[in-house]
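Inspection log for the structure reproduced underneath, given as structure tokens.
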Amino acid sequence: MTTTDTTPVESAAMVPDFGDDETDRKICFICSKGTLDMAYPALIMANGALGEGIETHIFFTFWGLDMVTKKTMDDLKFTILGNPATHMPQALGGIPGMTGMATKMMKKQIAGLDVPEIPEFMELLSDMGAHMWACQMSIDMMDLKKEDLFDGVEDIINVSEFMELSEDAQVIFV
Amino acid sequence: MATTTIDGHEVQVDEDGFMTVYEEWTEGLGRELATLIGIDELSDQHWEAINFLRFDFSEQGETPTLRRVNKVGGIPTKQLFVLFPKKPAKKMAYIAGLPKPHGCV
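One line per chain: the protein sequences are F and X, in this order.
Sequential numbering from 3 applies to the first sequence in the working numbering.
Sequential numbering from 11 applies to the second sequence in the working numbering.
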């Protein structure tokens, strides 16, 4: 299309293809980390997938469970330790209070983009129809129960159940 | 810029068929656009969402995302998925004669 093209397209109305017939696309995110910078990418992509009408599942395993554990989900942190992408001297990361400060800064940046904090984001995804699952082994390891988890988590499932539900899905490990 | 004819009116559209000129839209065109994408009847709830989109666009200069329609417009996200199945953000924008929303969240 060029800006000089003023020719009417055709008599039939031009209608976008919303792909309503393609109902089979399915995507699974595996969240395995409990830091802020590892939580957000999966949630933002899941939000995008749901907005496109794609069946979306999120499986929380290992430290990823922190994202849906009531006690921790509002308290995820960001650290510059072991993260050279911050371009800060690594020695700084060990100073007491540095992780708190880095977390505060990141939260401020995220809020500045009008992206919700983790608990509100989980509510949003749940309302959009995300299917959330917790990993059985991680639950056992961390001595948690279903009641300890965010209400949007549908069930605690084992690996073979996850393999069954992710059959024919695009799987993204975070 | 391409044009297309909706309900006998010639309107300017982008390459996907979304209207590009805010002032060219009318409620009648909105009803017609909805029919074209399979929403045959617009209820008061549909109009509440569409009117919020139009109003917010006129204030902000961009199409609100689903979260904004919920947070600022006060319409529950679940309800938007019922009113405009599968792809509410894009479908609402299309019916309201606005560009697709660009925000990620």
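Ideal Cβ positions, reconstructed from N, Cα and C, are used throughout, including at glycine.
For Val11(F), decide whether its Cβ has a neighbour in chain X, counting only Cβ atoms nearer than 8 Å. Numbered from 1 along the first sequence, position 9 holds the residue referred to as residue 11(F). The predicted position of Val11(F) is uncertain, since its pLDDT is 47 and thus under 50; a value taken from the coordinates is nonetheless stated next. Under the Cβ distance rule, Val11(F) counts among the residues neighbouring chain X, one pair being separated by less than 8 Å.
DSSP state of Phe175(F) mapped onto helix, strand, coil: As a first step, residue 175(F) must be located in the first sequence, where it is residue number 173. Under the three-state reduction of DSSP, Phe175(F) is assigned to strand.
Less than 8 Å between CB atoms is the rule here; does Asp22(F) satisfy it with respect to chain X? Here residue 22(F) corresponds to residue number 20 of the first sequence, with the count starting at 1. Interface annotation, Asp22(F): in contact with chain X, CB-CB separation under 8 Å.
In the DSSP assignment, find the beta strand (DSSP E) that holds Thr58(F) and state where it starts and stops. Start at 1 with the first residue of the first sequence, and residue 58(F) comes out as number 56. Start and end: Glu57 to Phe62.
Give the interface partners of Val63(X) over in chain F, defined as CB-CB distance under 7 Å, in chain order. Taking the second sequence and counting its residues from 1, the one referred to as residue 63(X) is at position 53. Note that residue 63(X) is Leu in the sequence shown, not Val. Within chain F, no residue comes near Leu63(X); the closest Cβ sits about 15 Å away, beyond 7 Å.
Go ahead and pull the three-state DSSP assignment for Met102(X). Position 92 of the second sequence, counting from 1, holds the residue named residue 102(X). DSSP places Met102(X) within a helical segment (H, G or I) once states are collapsed to three.
Tell me which residues share the same chain as Thr13(X) and place their Cβ nearer than 7 Å to its Cβ, disregarding the 5 neighbours each side in the sequence. To locate residue 13(X), count along the second sequence from 1; it is residue 3. A distance below 7 Å between beta-carbons, with the five flanking residues on each side excluded, links Thr13(X) to the following residues of its chain, in chain order: Glu20, Val21, Gln22 and Val23.
Can you give me the C-alpha to C-alpha distance between Ile56(F) and Asp26(F), rounded to a whole angstrom? The residue you call residue 56(F) lines up with position 54 of the first sequence. The residue you call residue 26(F) lines up with position 24 of the first sequence. As the crow flies, the alpha-carbon of Ile56(F) is around 8 Å from that of Asp26(F).
Give a yes or no on contact between the stretch 68-78 of chain F and the stretch 147-166 of chain F, applying the rule of three or more CB pairs nearer than 8 Å. The answer is yes - the stretch 147-166 of chain F touches the stretch 68-78 of chain F, with three or more Cβ pairs under 8 Å.
Note down, in chain order, every chain X residue with its Cβ under 8 Å from the Cβ of Val17(F). Along the first sequence, read from residue 1 onward, the residue named residue 17(F) stands at position 15. Here the neighbours are Gly27, Leu46 and Ile47.
Can you say whether Pro10(F) is buried or exposed, counting buried as having 16 or more other CB atoms within 10 angstroms of its CB? Along the first sequence, one-based indexing puts residue 10(F) at 8. Any reading at Pro10(F) must be qualified, since the residue scores a pLDDT of 49, below 50, and its modelled position is unreliable; no value is offered.
Just checking: is the beta-carbon of Val92(X) within a distance shorter than 8 Å of some beta-carbon in chain F? In the second sequence, residue 92(X) corresponds to position 82, counting from 1. Not an interface residue.
Do Ile29(F) and Ile120(F) have their C-beta atoms closer together than 8 Å? What you label residue 29(F) is simply residue 27 of the first sequence in a count that begins at 1. What you label residue 120(F) is simply residue 118 of the first sequence in a count that begins at 1. No; because the gap between Cβ atoms is not below 8 Å, this pair is not in contact.
By the 9 Å beta-carbon criterion, what residues does the stretch 55-86 of chain X contribute toward chain F? Within the stretch 55-86 of chain X, the residues whose Cβ lies closer than 9 Å to some Cβ of chain F are Thr75, Leu76, Arg77, Arg78, Asn80, Lys81 and Pro86, listed in chain order.
Reduced DSSP secondary structure (H/G/I, E/B, other) of Met3(F): For the purposes of this step, residue 3(F) is identified with residue 1 of the first sequence, where counting begins at 1. With a pLDDT of only 48 at Met3(F), under 50, the local geometry of the prediction cannot be trusted, and the value read off the model is given with reservation. In the structure shown, Met3(F) sits in coil (DSSP, three-state: anything other than H, G, I, E or B).
Strictly under 8 Å for the Cβ-Cβ distance: is Ala106(X) near chain F by that measure? Translated into the one-based positions of the second sequence, residue 106(X) becomes position 96. Not one chain F Cβ lies under 8 Å of Ala106(X).
For Lys97(X) and Phe20(F), which I take to be in contact (beta-carbon distance under 8 Å), what is that distance rounded to the nearest angstrom? The count along the second sequence starts at 1 and reaches residue 97(X) at position 87. The count along the first sequence starts at 1 and reaches residue 20(F) at position 18. By a beta-carbon distance limit of 8 Å, Lys97(X) contacts Phe20(F). Their separation comes to about 5 Å.
Of the choices Gln89(X), Arg77(X) and Gly48(X), whose alpha-carbon is the least far from that of Gln7(X)? Nothing can be reported for residue 7(X), as the shown portion of chain X is limited to 11 through 115.
What residue range is occupied by the uninterrupted alpha helix (DSSP H) comprising Phe31(F)? As a position in the first sequence, residue 31(F) is number 29, starting the count at 1. Run containing Phe31(F): none in the alpha helix (DSSP H); it sits in the beta strand (DSSP E), Lys28 to Cys33.
Quick test of your reading: Ser140(F) and Thr63(F), contact by CB under 8 Å. State the CB separation rounded to the nearest angstrom. Within the first sequence, the letter at position 138 stands for residue 140(F). Within the first sequence, the letter at position 61 stands for residue 63(F). Taking a contact as a CB-CB distance under 8 Å, the pair Ser140(F) and Thr63(F) counts as one, their CB atoms being some 5 Å apart.
Outcome for Asp50(X) when other beta-carbon atoms lying within 10 angstroms are tallied against a minimum of 16: Locating residue 50(X) in the second sequence gives position 40, counting from the first residue. Around the Cβ of Asp50(X), a 10 Å sphere holds fewer than 16 other Cβ atoms; the residue is exposed.
Would you check if there are 3 or more beta carbon pairs closer than 8 Å linking the stretch 33-40 of chain X to the stretch 79-98 of chain F? Contact between the stretch 33-40 of chain X and the stretch 79-98 of chain F is absent, because fewer than three Cβ pairs lie under 8 Å.
Helix, strand or coil at His133(F) [DSSP, three-state]: Stepping through the first sequence from its first residue, residue 133(F) is reached at position 131. His133(F) falls in the strand class under three-state DSSP.
Can you tell me the Cβ-Cβ gap for Ile16(X) and Glu42(X), rounded? I've got them flagged as a contact below 8 Å. In the second sequence, counting from the first residue as 1, residue 16(X) sits at position 6. In the second sequence, counting from the first residue as 1, residue 42(X) sits at position 32. Sure, about 5 Å apart at Cβ, within 8 Å.
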